[in-house]
Ligand SMILES: Cc1cc2nc3c(=O)[nH]c(=O)nc-3n(C[C@H](O)[C@H](O)[C@H](O)COP(=O)(O)OP(=O)(O)OC[C@H]3O[C@@H](n4cnc5c(N)ncnc54)[C@H](O)[C@@H]3O)c2cc1C
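Next comes the structure, spelled out in structure tokens:
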């Protein structure tokens, strides 16, 4: 580890990971420069405010779970209000739309079976699978790691004797939660997630920040002394004594020199950066090979919360391309409401290839099929396809078969003066909380090594 007499660090990326790292390092007395490609901070935390009456909807990270203590601590520190949201567990007024049939998930007449009980059977099998991972922080060290990692989640699902509708539901769960297809999702990573989250059927409630989750990112950024927006990093030169980061801002190519750098950007955009000298081979492979998923959101503002009248809570699991809907303003009392239609996996790839208007139409028409007349109440719509966002290019990491054993350890390892952070570099992967954890860990490692 380098001598850190010169306590300077360049943090690349002002998402939750980069901001959390920068915040801790600045507080410890380091001179921190944050370079952010977009004209805003927050990255995949992106609160949209173009709806009526100040209503807000989250285009990216939305649900803060009760166990997400780091995000909740930021909310408290910056005096932000939490809006409570129910848990992801089956709720009484959840609806389904499968094989052309629509209605309450609990309605046995519609589904000709106790669908919720059938789905619970699959969850029990997932909980059992989780027992194969002794430590979810070290999945590659599990006794059965190699065998599980070689297998896809699709292969495992096919071996379950599940009801076809429950199977359908769970495949959509994989698409929405992991934003990839079961064929391309490592069974070891599903087992790791099961060990972390699914050991019981009980799920904890969630919150959103009232006024927008990005208020956390903005609050941190406003406490930082040097955040440069519109600064697209193009190359990173790691020398024995320092790191030189080159970025493009407007038409200028500029450089920052510092003792260390934290790379807090998705690996999908790290691929486009020139590293000199080249990254160590394991890091190069990690940056190039690690798989990501795809996700789109369509947010639809309705003049009335028509769902209240029909006893629907806004949560619709579907086998249609939109995959899932929910009520994005459930934590706010208001006449109007916003439904989010969320799509992950290959359907999201397909929807990303459409124009915004076409994508919105797919979501609107699916909801219209289940609730005829709802389209007449639409006031405003928004959509984001994260695959098309040049500084994200994906949803979040979704490890394919073989990739947990190949890359897990490297995801956490610094490469000389370069530290990695981001939702991919944490066991709480795919969450805002995980991004924060990775940033705080990068800062703590730097400080522990002489800062
Ligand atoms: C649709 C969607 C829904 C989600 N839902 C939830 C949820 O409900 N709950 C939850 O906890 N999490 C959720 N997540 C995940 C969560 O949003 C992310 O895990 C987290 O925000 C990632 O933070 P990060 O700092 O790792 O990356 P990012 O937020 O992507 O930050 C990286 C930053 O680096 C910048 N950057 C990229 N390339 C460069 C470059 N070359 N030069 C300079 N800057 C660059 C980007 O502009 C960005 O600001 C969701 C994500 C998506 C996309």
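In our numbering, the protein residues as written are 155 to 605.
A virtual CB, placed ideally from N, CA and C, is assigned to each residue, including glycine.
Problem set entry | Start-end ranges of the alpha helix (DSSP H) lying completely within the segment 487-546, minimum 4 residues | Whole alpha helix (DSSP H) segments, 4+ residues: 500-506 and 510-524.
Exercise. Ligand 1 heavy atoms versus the CB of residue 468: any closer than 7 Å?
Worked result: As a first step, residue 468 must be located in the chain shown, where it is residue number 314. Incorrect: residue 468 has no Cβ contact closer than 7 Å to ligand 1.
Problem set entry | Through-space distance from residue 537 to residue 204, alpha-carbon basis | Here residue 204 is taken as the residue at index 50 of the chain shown, counted from 1. Here residue 537 is taken as the residue at index 383 of the chain shown, counted from 1. The alpha-carbon atoms of residue 204 and residue 537 are separated by roughly 12 Å.
For this session: Kindly indicate the opening and closing residues of the beta strand (DSSP E) around residue 403.
Result: Position 249 of the chain shown, counted from the first residue, corresponds to residue 403. Looking at the DSSP string, the run of the beta strand (DSSP E) that includes residue 403 is 397-403.
For this session: Could you tell me whether the segment 551-571 touches the segment 445-456, where touching means 3 or more Cβ pairs closer than 8 Å?
Result: Touching, per the Cβ criterion.
Exercise. Near residue 337, which residues of its chain fall below 6 Å by C-beta distance, leaving aside the five closest residues on each side in sequence?
Worked result: Counted from its first residue, the chain shown places residue 337 at position 183. Around residue 337: 306 and 308.
Problem set entry | Between the CA atoms of residue 198 and residue 262 - distance to the nearest angstrom | In the chain shown, counting from the first residue as 1, residue 262 sits at position 108. In the chain shown, counting from the first residue as 1, residue 198 sits at position 44. C-alpha separation (whole angstroms): 39 Å.
For this session: Assign residue 460 to one of three DSSP states: helix, strand, or coil.
Result: Counted from its first residue, the chain shown places residue 460 at position 306. Correct three-state label for residue 460: helix.
For this session: Could you tell me if the beta carbon of residue 169 falls within a distance shorter than 7 Å of some heavy atom in ligand 1?
Result: The residue labelled residue 169 in the question sits at position 15 within the chain shown. The answer is yes for residue 169.
For this session: To the nearest angstrom, report how far apart residue 178 and residue 433 are at their CA atoms.
Result: For the purposes of this step, residue 178 is taken as residue 24 along the chain shown, with counting starting at 1. For the purposes of this step, residue 433 is taken as residue 279 along the chain shown, with counting starting at 1. Distance between residue 178 and residue 433, taken at the CA atoms: about 26 Å.
For this session: Return yes when the Cβ of residue 542 is within less than 8 Å of the Cβ of residue 506, no when it is not.
Result: In the chain shown, residue 506 corresponds to position 352, counting from 1. In the chain shown, residue 542 corresponds to position 388, counting from 1. In this structure, residue 542 lies closer than 8 Å to residue 506 by Cβ.
For this session: For residue 431, count neighbouring C-beta atoms within 10 Å of its own C-beta (all shown protein chains included) and say buried if the count is 16 or more, exposed if not.
Result: Locating residue 431 in the chain shown gives position 277, where the first residue counts as 1. It is exposed - the Cβ of residue 431 has fewer than 16 other Cβ atoms within 10 Å.
Exercise. With burial defined as no fewer than 16 other Cβ atoms inside 10 Å of the residue's Cβ, what is the status of residue 367: buried or exposed?
Worked result: Working through the chain shown from its first residue, we reach residue 367 at position 213. So residue 367 ends up on the buried side.
Exercise. Three or more C-beta pairs closer than 8 Å, one from the segment 474-482 and one from the segment 406-425: is that the case here?
Worked result: In short, these stretches do not touch, since the Cβ pair count stays below three.
Exercise. Quick one: Cα of residue 232 to Cα of residue 265, how far?
Worked result: Here residue 232 refers to the residue found at position 78 when the chain shown is read from its first residue. Here residue 265 refers to the residue found at position 111 when the chain shown is read from its first residue. Cα to Cα, residue 232 sits roughly 47 Å from residue 265.
Exercise. Given a threshold of 16 other Cβ atoms within 10 Å of its Cβ, counted over all protein chains shown, does residue 603 qualify as buried or as exposed?
Worked result: The residue given as residue 603 occupies position 449 in the chain shown. Exposed, since its Cβ has fewer than 16 Cβ neighbours within 10 Å.
For this session: Please work out which residues of its chain come closer than 6 Å, Cβ to Cβ, to residue 517, disregarding the five sequence neighbours upstream and downstream, and give them in chain order.
Result: Translated into positions along the chain shown, residue 517 becomes position 363. Cβ within range, chain order: 452, 476 and 495.
For this session: Give a yes or no on whether 8 Å exceeds the smallest Cβ distance from residue 267 to chain D.
Result: No chain D is present in this structure, which holds just one protein chain.
For this session: Between the Cα of residue 328 and those of 422, 169 and 497, spot the shortest distance and give me the residue it belongs to.
Result: The residue you call residue 328 lines up with position 174 of the chain shown. Nearest neighbour of residue 328 by Cα position, chosen from 422, 169 and 497, turns out to be 497.
Exercise. To which residues does DSSP link residue 252 through a beta bridge?
Worked result: As a working note, residue 252 is residue 98 in the chain shown. Assignment of beta-bridge partners to residue 252 by DSSP yields 255.
Exercise. Which stretch, first to last residue, makes up the alpha helix (DSSP H) that contains residue 565?
Worked result: Start at 1 with the first residue of the chain shown, and residue 565 comes out as number 411. Counting along the chain, the alpha helix (DSSP H) containing residue 565 begins and ends at 557-565.
Problem set entry | Helix, strand or coil at residue 324 [DSSP, three-state] | By 1-based counting over the chain shown, the position of residue 324 is 170. Note: residue 324 maps to helix in three-state DSSP.
Exercise. Between residue 540 and ligand 1, is the CB less than 7 Å from at least one heavy atom?
Worked result: Counting from 1 along the chain shown, the entry for residue 540 is found at position 386. At least one heavy atom of ligand 1 is nearer than 7 Å to the Cβ of residue 540, so yes.
Exercise. Taking 7 Å as the line, does the beta carbon of residue 609 fall inside it for any heavy atom of ligand 1?
Worked result: Lying outside 155 to 605, the shown extent of the chain, residue 609 is not represented and no answer is given.
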